[in-house]
Structures are given as structure tokens and as C-alpha cells.
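Data block below; observations after.
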Amino acid sequence: MKPTEVLKSEHEVILRALDCVEEMASQTELTGVLDQKNAGQAVEFLQTFADRCHHAKEENHLFRRLIDMGWPSDGGPVGVMLAEHEEGRALIRNMAEAVHKWKAGDQATLRDFTVSASGYVELLRQHIMKENNILFPMADGALRPEDQFALQVAFTKAEKED
359 MKPTEVLKSE
369 HEVILRALDC
379 VEEMASQTEL
389 TGVLDQKNAG
399 QAVEFLQTFA
409 DRCHHAKEEN
419 HLFRRLIDMG
429 WPSDGGPVGV
439 MLAEHEEGRA
449 LIRNMAEAVH
459 KWKAGDQATL
469 RDFTVSASGY
479 VELLRQHIMK
489 ENNILFPMAD
499 GALRPEDQFA
509 LQVAFTKAEK
519 ED
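Here the numbering used here is used: the first residue of the sequence shown is 359, the next is one more, and so on.
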């Protein structure tokens, strides 16, 4: 399996989680109550799997390999993806902070959670579409078989370290 196929399969898991986050944001907006347990679990999943596992594979391995091959890290497909990862991290931090404030009794934080959650869902869905349909095919065309193998090894090692 190509490394980009591994990343695409992880995208499917992330997309399912995004459906849950979207529903949670809608229910929070509708009811005026944040399910702090589920919201906390969603934030933890996004921080752990989507960011520290999945995005780390992209940034530390695939993107790094492409940059080493001469792809620009500022601008271009890799630069756009890196910027979107940072934007996503900021939205996850906002969600986490909103959950923390809600637990402390701050009712006004509901809007912060729903806006950040909705923004994250929209960002990541578009981000995944760009990676799956633009960046990954370009990368597959540029990566030599030995690059593909090295990335497979790096991904396996990264998964064992998580």
C-alpha cells in the first residue's frame, strides 16, 4: 500500500469523526447545552489521531520528503497544507478551551465551541479533498519507488511510537 493510500484511509476515519463533531455542534447550538464528555473525547481524538498521528506523518515524512525533492514549503501545495494544519490546530485549541470553560460553568463559551467546531469541520473536509485529489496524486507521480518504501517504513515506525 502506498503511503498516500494509508493517509487516505486515515482521512476516512477523520471524516467520520468530523460528522460526529458537526452533529455535536448542531445539537449544542440547538439545545444550548454542551455534552462535555463527548466534546472532550472529540477534542482528544482530533488532537491525538488527526493531529499528532496523521498530520505528523504528513508533515514529518511526506511533506519533508517532497520539500527535500525541491517542492516549496511556502506557497504551493505543501505550503497550503502546512498552513491549514496550523489553522486546524488553532481551532482545536479553541474547542478545547471552550470545553474547559464550560466545565467551569462559563455558559457564554457555547458559541466559541460551535463556531470553532463548525470551522474545523469545514476546514478539514476541504483540506482532505485537496490532499486526496490534488496533493497525493502529484506526490505519487513525483515519488520514486525507494521514496515510497522509505515513507512506508517511516509511517510504520511513527505508528509504533504513538
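Ideal placement from N, C-alpha and C gives every residue a C-beta, glycine not left out.
In the DSSP assignment, find the unbroken alpha helix (DSSP H) run with residue i in it and report its ends.
i: His369; result: 361–389
i: Ala397; result: 394–403
With a cut-off of 8 Å on the beta carbons, I'd call residue i and residue j a contact; round off their distance for me.
i: Val457; j: Val401; result: 6 Å
i: Met404; j: Ala375; result: First, the amino acid is wrong: residue 404 is Leu here, not Met. The Cβ separation is near 7 Å, so the contact holds.
i: Asp498; j: Lys360; result: 6 Å
i: Ala408; j: Ala516; result: Not confirmed; about 14 Å, so no contact.
i: Tyr478; j: Val379; result: 7 Å
i: Thr362; j: Phe494; result: 4 Å
i: His412; j: Leu373; result: Contact doesn't hold; Cβ gap of about 12 Å is too wide.
Relative to the ligand FAD, is the shortest distance from any of its heavy atoms to the C-beta of residue i smaller than 7 Å?
i: Asn418; result: As for the ligand FAD, it is missing from this structure, which has no ligand bound.
Decide if the segment 363–370 is in contact with the segment 441–457; the criterion is three or more beta carbon pairs, one per stretch, under 8 Å apart. no
Ordered list of alpha helix (DSSP H) runs contained in the segment 408–449, each at least 4 residues: 422–426
Alpha helix (DSSP H) segments (min. 4 residues) lying fully within the segment 487–513: 494–500
Meets three-Cβ-pair contact criterion under 8 Å: the segment 448–467 and the segment 423–439: no
Touching or not, the segment 411–426 and the segment 377–391, by the rule of three or more beta carbon pairs under 8 Å? no
Say whether the segment 459–467 touches the segment 479–488, bearing in mind that this needs 3 or more beta-carbon pairs closer than 8 Å, one atom from each stretch. no
Scan the segment 459–489 and note each continuous alpha helix (DSSP H) run of 4 residues or more that stays entirely inside, going in chain order. 467–488
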